[in-house]
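Residue numbers for the sequence shown follow the numbering used here, beginning at 934 and rising by one.
All C-beta atoms in this analysis are idealised placements derived from N, C-alpha and C, irrespective of residue type, glycine included.
A quick note: this is a predicted structure, and the numbers were derived from the prediction, not measured.
Okay, so here's the structure we're looking at.
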Amino acid sequence: MKNGKPSRKEREYLRHRQEILKVALKLFSEKGFHNVSMHEIAEKSEFAVGTLYKFFSNKEDLYRALMLEASNVFHSSLMAALATSGSELEKIRACVEAKIKVFMDNLDYVRLYMAETQGVSFNVKTSLDPEIMDRYEKFLKQLARVFENGIKKRLFKKFEPYLLAVALDGISNALLFHHVEYPGAHSFDADLIINIFFQQVYEKEDLRDE
């Protein structure tokens, strides 16, 4: 790489790598990870099997590369949303809206991940690669800081900020994963998630009234 620009050989390497990842994602999402072989990926991407192994040591390595790629997209989008200007509530709304958009724009990644982690019943951290786990934890901590600032300004009730971040992320995950498993069954948007989380659903002021 010269002057910060990749050479022709490097550009060609990256282009071929992306072609392989694109084909693998399509095959994995359609057939399932365990039902696709490296030979099939090589054939569909029009590379020799030996060439494929120059990019990825095995099928698990290829899967990890796909998940890291998706993680990059999700992480950058959510962190950018939390960094927007506005009140803490506006930042949280922007984050939820960004999460819905990036989720819907990357459904092949989501379906593959769900298929390999037993669907919506799993803990979102289960089977995560350490690097992806680290990014997810950074996101939760950044979201917690937004809640903490909102609590200091008395915008939000005084609860543990990190747990609020986990709770909001959990609600949005549940609705998004439900949408993937049952598309069209129920409609939802950022407003529904925000309203469920902030306005709650119980009509009485105190649960002890019952």
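ask   = How would you write the range of the alpha helix (DSSP H) that Val-1035 sits in, first residue to last?
value = Position 102 of the sequence shown, counted from the start, is the residue given in the question as residue 1035. Run containing Val-1035: 1021 to 1038, per the alpha helix (DSSP H) assignment.
message = Since Phe-1036 and Val-1043 should fall inside the 8 Å C-beta cutoff, what is the C-beta to C-beta distance between them, to a whole number of angstroms?
response = Within the sequence shown, numbered from 1, the residue matching residue 1036 stands at position 103. Within the sequence shown, numbered from 1, the residue matching residue 1043 stands at position 110. Correct: roughly 6 Å between the Cβ atoms.
Distance between Ile-1126 and Ser-1105 (C-alpha atoms, nearest Å) = Here residue 1105 corresponds to residue number 172 of the sequence shown, with the count starting at 1. Here residue 1126 corresponds to residue number 193 of the sequence shown, with the count starting at 1. Taking the straight line joining both Cα atoms gives about 6 Å.
query = Lys-938 by DSSP, collapsed to three states: which one?
reply = Here residue 938 corresponds to residue number 5 of the sequence shown, with the count starting at 1. DSSP places Lys-938 in strand when its eight states are reduced to three.
task = Can you tell me which of the three DSSP states Glu-1143 falls into?
result = Position 210 of the sequence shown, counted from the start, is the residue given in the question as residue 1143. Residue placement at Glu-1143 is poorly supported in this model, since its pLDDT is 48, which falls under 50; the coordinates still yield a value, given next. The answer is coil: DSSP assigns Glu-1143 none of H, G, I, E or B.
query = Which term fits Gly-1019, buried or exposed, when burial requires 16 or more other beta carbons within 10 angstroms of its beta carbon?
reply = Start at 1 with the first residue of the sequence shown, and residue 1019 comes out as number 86. It counts as exposed.
request  = Apply the 10 Å Cβ neighbour rule to Lys-1086 and answer buried if 16 or more other Cβ atoms are within range, or exposed otherwise.
outcome  = The residue labelled residue 1086 in the question sits at position 153 within the sequence shown. Counting Cβ neighbours within 10 Å, Lys-1086 comes out exposed, since fewer than 16 surround it.
query = Alpha carbon to alpha carbon, how far is Val-1099 from Ile-974?
reply = Position 166 of the sequence shown holds residue 1099. Position 41 of the sequence shown holds residue 974. Answer to the nearest angstrom: the Cα atoms are 37 Å apart.
query = For Glu-945, does the count of other Cβ atoms within 10 angstroms reach 16, so buried, or fall short, so exposed?
reply = In the sequence shown, the residue the question calls residue 945 occupies position 12. Exposed, because fewer than 16 other Cβ atoms sit within 10 Å of the Cβ of Glu-945.
message = Starting from Pro-1116, trace the alpha helix (DSSP H) in both directions and tell me its first and last residue.
response = As a position in the sequence shown, residue 1116 is number 183, starting the count at 1. From DSSP, Pro-1116 is part of no alpha helix (DSSP H); its letter is neither H nor E.
ask   = How would you call Ser-990, buried or exposed, if buried means at least 16 neighbouring beta carbons within 10 angstroms?
value = Numbered from its first residue, the sequence shown carries residue 990 at position 57. Looking at its Cβ environment, which holds fewer than 16 other Cβ atoms inside 10 Å, Ser-990 is exposed.
Met-971 beta carbon less than 7 Å from that of Leu-985 = Against the sequence shown, residue 985 aligns to sequence position 52. Against the sequence shown, residue 971 aligns to sequence position 38. For Leu-985 and Met-971, yes; Cβs fall inside 7 Å.
message = Please report the straight-line C-alpha distance between His-958 and Leu-1045, rounded to a whole angstrom.
response = The sequence position of residue 958 within the sequence shown is 25, counting from 1. The sequence position of residue 1045 within the sequence shown is 112, counting from 1. Looking at the sequence provided, one finds Leu at residue 958 rather than His. For Leu-958 and Leu-1045, the distance between alpha carbons rounds to 8 Å.
inquiry  = For Ile-1025 and Leu-1015, what's the separation of their Cα atoms in angstroms?
reply    = For the purposes of this step, residue 1025 is identified with residue 92 of the sequence shown, where counting begins at 1. For the purposes of this step, residue 1015 is identified with residue 82 of the sequence shown, where counting begins at 1. Taking the straight line joining both Cα atoms gives about 7 Å.
message = On the criterion of 16 or more Cβ atoms from any shown chain inside 10 Å, does Lys-1032 qualify as buried, or is it exposed?
response = Looking up residue 1032 in the sequence shown gives position 99. So Lys-1032 counts as buried.
task = Can you have a look at Ser-978 and say buried or exposed, based on whether 16 or more other CB atoms are within 10 angstroms of its CB?
result = Against the sequence shown, residue 978 aligns to sequence position 45. Label assigned to Ser-978: buried.
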